[in-house]
Amino acid sequence: MPVTIVIPTPLRQFAGGQSEVEVSASTAGEALDQLTTTHAELRRHLFSDQNTLRNFVNVYVNDEDIRHVNGPGTSVKDGDTILIVPSIAGGSTVLENETAAETAATRPQDAGVPLPMLSNEEVARYSRHLIMPEVGMTGQRKLKAASVLMIGTGGLGAPLGMYLAAAGVGRLGVVDFDVVDASNLQRQIIHGTKDVGRPKVSSAKDRLQDINPHIEIETHETKVTSDNALRLFVNYDVIVDGTDNFPTRYLVNDACVLTGKPNVYGSIFRFEGQASVFWAERGPCYRCLYPEPPPPGLVPSCAEGGVLGVLPGIIGAIQANEAIKIILGAPDIMVNRLLLFDAWRMRFRELKLRKNPDCPVCGTNPTIKELIDYEQFCGITQQPETKPTMEEITATEMKQRLDKGDDIQIIDVREPHEYEIAKIPDSKLIPLGQVLNRMNEIDSERETIVHCKGGVRSAKAIEALQRSGFQGHLINLKGGITAWSNEVDPSVPKY
Amino acid sequence: MIVLNENHLTEMHAHGERDYPYECCGLMLGRFADGRKQVVETYAISNAREEAAKRNRFLIRPEELMRGEKYAREKELDVVGFYHSHPDDVAVPSQYDLEHAWPTYSYIVMSVEKGRAVDLRSWEMEADRSRFNEEKIVSEARP
Numbered sequence: 001m002p003v004t005i006v007i008p009t010p011l012r013q014f015a016g017g018q019s020e021v022e023v024s025a026s027t028a029g030e031a032l033d034q035l036t037t038t039h040a041e042l043r044r045h046l047f048s049d050q051n052t053l054r055n056f057v058n059v060y061v062n063d064e065d066i067r068h069v070n071g072p073g074t075s076v077k078d079g080d081t082i083l084i085v086p087s088i089a090g091g092s093t094v095l096e097n098e099t100a101a102e103t104a105a106t107r108p109q110d111a112g113v114p115l116p117m118l119s120n121e122e123v124a125r126y127s128r129h130l131i132m133p134e135v136g137m138t139g140q141r142k143l144k145a146a147s148v149l150m151i152g153t154g155g156l157g158a159p160l161g162m163y164l165a166a167a168g169v170g171r172l173g174v175v176d177f178d179v180v181d182a183s184n185l186q187r188q189i190i191h192g193t194k195d196v197g198r199p200k201v202s203s204a205k206d207r208l209q210d211i212n213p214h215i216e217i218e219t220h221e222t223k224v225t226s227d228n229a230l231r232l233f234v235n236y237d238v239i240v241d242g243t244d245n246f247p248t249r250y251l252v253n254d255a256c257v258l259t260g261k262p263n264v265y266g267s268i269f270r271f272e273g274q275a276s277v278f279w280a281e282r283g284p285c286y287r288c289l290y291p292e293p294p295p296p297g298l299v300p301s302c303a304e305g306g307v308l309g310v311l312p313g314i315i316g317a318i319q320a321n322e323a324i325k326i327i328l329g330a331p332d333i334m335v336n337r338l339l340l341f342d343a344w345r346m347r348f349r350e351l352k353l354r355k356n357p358d359c360p361v362c363g364t365n366p367t368i369k370e371l372i373d374y375e376q377f378c379g380i381t382q383q384p385e386t387k388p389t390m391e392e393i394t395a396t397e398m399k400q401r402l403d404k405g406d407d408i409q410i411i412d413v414r415e416p417h418e419y420e421i422a423k424i425p426d427s428k429l430i431p432l433g434q435v436l437n438r439m440n441e442i443d444s445e446r447e448t449i450v451h452c453k454g455g456v457r458s459a460k461a462i463e464a465l466q467r468s469g470f471q472g473h474l475i476n477l478k479g480g481i482t483a484w485s486n487e488v489d490p491s492v493p494k495y
Numbered sequence: 496m497i498v499l500n501e502n503h504l505t506e507m508h509a510h511g512e513r514d515y516p517y518e519c520c521g522l523m524l525g526r527f528a529d530g531r532k533q534v535v536e537t538y539a540i541s542n543a544r545e546e547a548a549k550r551n552r553f554l555i556r557p558e559e560l561m562r563g564e565k566y567a568r569e570k571e572l573d574v575v576g577f578y579h580s581h582p583d584d585v586a587v588p589s590q591y592d593l594e595h596a597w598p599t600y601s602y603i604v605m606s607v608e609k610g611r612a613v614d615l616r617s618w619e620m621e622a623d624r625s626r627f628n629e630e631k632i633v634s635e636a637r638p
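The listed protein sequences derive, respectively, from chains A and B. Per our numbering, residue 1 is the first one in the first sequence, and the count goes up by one each step. Per our numbering, residue 496 is the first one in the second sequence, and the count goes up by one each step.
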């Protein structure tokens, strides 16, 4: 299979003055090996002493950089052209002491960037990586030079951060604005019981630094917003999204597209998880897959719908795996693919994704060129405007009225298994899904307080009842049974 | 030996001073003839290194080099070398320059002290990659 290798001008003197050399090979690596066997003097200009391609040598098969395909294993066929294209790099000797900081802020795949060395302690620590040729010394140094920003230190961020820290990713950025709550501990294994009440970034930093003292951890105790996202993202090589809400997911996606960063995506709900790598340079972005967010309230959050504790462990570990592969320049990164996982049935499925040429942010004629208001985009800010007609009561007021002996019926629209965990005395259970069918069980002559866990489902129940013509006086319990436990009766467990 | 004219020198000086305190970089387009390089045109490139490293590093991405080569081919020229500046440092290639150099090309290094281009020297790498040899610059009068 003759394949043509085009020799760049400065190297022609080492190839007998030829501008093109024909070889027969099935991969780009084989082709270069043949070329440098015939013309041995070429080898030192293309390969380092470790026999890997020099990092300022770029090899293209036809128009594709092999680093973006399958490295030296990229297959070539009859009639293909291999181009050797140099990156030209250099610089002065002054300020050499800044080199470490400089490389850390640089994408590892950039040509011409010196990688940091490993200390003996680090060599001992990473030995299981070092003995695999796929990682090796160079790969481990790439990990050390790399930086990853993890959005969220929750269910996904916990395993993700711990594995990235253990793997020796040199600089980890941790973003979270929340504090550790007891209900987090069922899955967020980066935090412990002693951390309840602490800011998540502090708790996460302690745990990560304990796993690996050789890495740098930068904490950002803030929400990611349209104002700070770009500034935050440009300082990292890879962004990993461990958030659980749509506005942040779209914000992270758009900011990654605008800054050219790969976005390692994961999401979880109940027993099902998804993962992919959205990287506009090489494939689709999140908007190519989901151009519009679902209407607010349609997809419940984990706080409302629950999540199996192990599930984020599995999905977060997959995200860590892909982030490490991106840094190493591994083949078969999960670009163009969406992984679907069902923990209850223990099934993995994979969907093919395609870049949408009309995508508003990464398509050929993008209309989104800066970050927008994502709360509004996801319809979150309009929501309160549709609600003012609904009457609300606080848990404290409700207790006062009950104590006064007011005739009030209490309808609980949660699920039976939630009712088993905690209930308000003398409440009647009618799950949200059955509310309309069982409307006749609610006495329309009496005043009715409707409640759920946090107040969202009960508001939906009231809306549905009113739309269906229910005439009775309906009042929503603000904050649900959680508020009841907080304000009135702490003996009611919070879940 | 590299042959260029005063215009090319003026352009490179101006580029180095404009980009100070960052490193500037660019291509030299021309012809290889009788073992010497004749520069016909300079071609400025924007330094692709990130903000923090621009003071002492430059990078020309392969896509940009390919674009430069395409432009050169259209004018029936070759890329004969590269120029870059060393802000507040001597016009001598660094070890880093050597590690990243290609044979045959001319590497012009320009010293820019406190915003003023004060020295400019040309270098070519030894074929065994062991060192740079200084190369004679012949400056012709303006055409």
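We put the CB at the ideal spot given by N, CA and C, even for glycine. Nothing here was measured: the structure is a model prediction, and the numbers come from that model.
Evaluate residue i with the Cβ neighbour count: other Cβ atoms within 10 Å of its Cβ, from every protein chain shown; 16 or more gives buried, anything less gives exposed.
i	result
D514(B)	buried
E518(B)	buried
E290(A)	A small correction: the amino acid at residue 290(A) is Tyr; Glu does not occupy that position in the sequence shown. So Y290(A) counts as exposed.
S458(A)	buried
Q434(A)	exposed
S625(B)	exposed
S491(A)	exposed
L156(A)	buried
E621(B)	exposed
D176(A)	buried
I131(A)	exposed
H417(A)	exposed
Q18(A)	exposed
P493(A)	exposed
Y602(B)	buried
W597(B)	buried
V123(A)	exposed
K570(B)	exposed
N437(A)	exposed
Rounded to whole angstroms, how far is the Cβ of residue i from the Cβ of residue j, which I believe are closer than 8 Å?
i	j	result
F269(A)	G242(A)	At roughly 14 Å, the Cβ-Cβ gap does not stay under 8 Å, so F269(A) and G242(A) are not in contact.
A204(A)	A229(A)	With a Cβ gap of about 20 Å, A204(A) and A229(A) do not count as contacting.
L339(A)	I314(A)	Going by Cβ atoms, the distance from L339(A) to I314(A) rounds to 10 Å, so no, they are not a contact pair.
L143(A)	V174(A)	Actually they do not touch by this definition, with Cβ atoms about 17 Å apart.
S634(B)	V607(B)	That pair is no contact at about 19 Å.
Just list the residues that DSSP pairs residue i with in beta bridges.
i	result
M605(B)	S580(B), L615(B)
C520(B)	I540(B), H579(B)
I411(A)	K428(A), V450(A)
E20(A)	V6(A)
A115(A)	The amino acid at residue 115(A) is misidentified as Ala; the sequence shows Leu. Per DSSP, none; premise fails for L115(A).
G90(A)	F553(B)
F377(A)	BP columns for F377(A) are empty, so no partner.
P199(A)	V179(A)
Q186(A)	According to DSSP, Q186(A) bridges with nothing at all.
R171(A)	S147(A), E216(A)
Q274(A)	S267(A), L340(A)
M620(B)	F627(B)
G525(B)	V534(B), D573(B)
T27(A)	S75(A)
T81(A)	T4(A)
Thinking C-beta only, is residue j closer than 9 Å to residue i?
i	j	result
I326(A)	D237(A)	yes
R446(A)	G472(A)	yes
E375(A)	I475(A)	no
P86(A)	F56(A)	yes
H68(A)	R54(A)	no
F377(A)	P247(A)	yes
L477(A)	M390(A)	no
V450(A)	P431(A)	no
G576(B)	I497(B)	yes
M507(B)	G525(B)	no
I82(A)	T4(A)	yes
P293(A)	F278(A)	no
K200(A)	D178(A)	yes
Open item on the list: To be precise: take each residue of the region 171-184 of chain A, compare its Cβ to all Cβ atoms of chain B, and keep it if any distance is under 9 Å. Which residues remain?
Closed with: none
Open item on the list: Give me the subset of the region 520-541 of chain B whose CB atoms are less than 9 Å from a CB atom of chain A, sorted by chain position.
Closed with: C520, L522, F527, I540
Task: Near-chain B residues of the region 65-87 of chain A - C-beta to any C-beta below 9 Å - done: D65, L83, V85, P86, S87
Task: Residues of the region 45-62 of chain A whose Cβ lies closer than 7 Å to any Cβ of chain B, in chain order - done: H45, F56, N58
- [ ] Mind checking the region 5-30 of chain A against chain B and listing, in chain order, the residues whose C-beta falls within less than 9 Å of any C-beta there?
- [x] P8, T9, P10, L11, R12, Q13, F14
Task: Interface positions of the region 581-593 of chain B facing chain A (Cβ-Cβ less than 9 Å), listed along the chain - done: H581, P582, D583, D584, V585, V587, P588, S589, Q590, Y591, D592, L593
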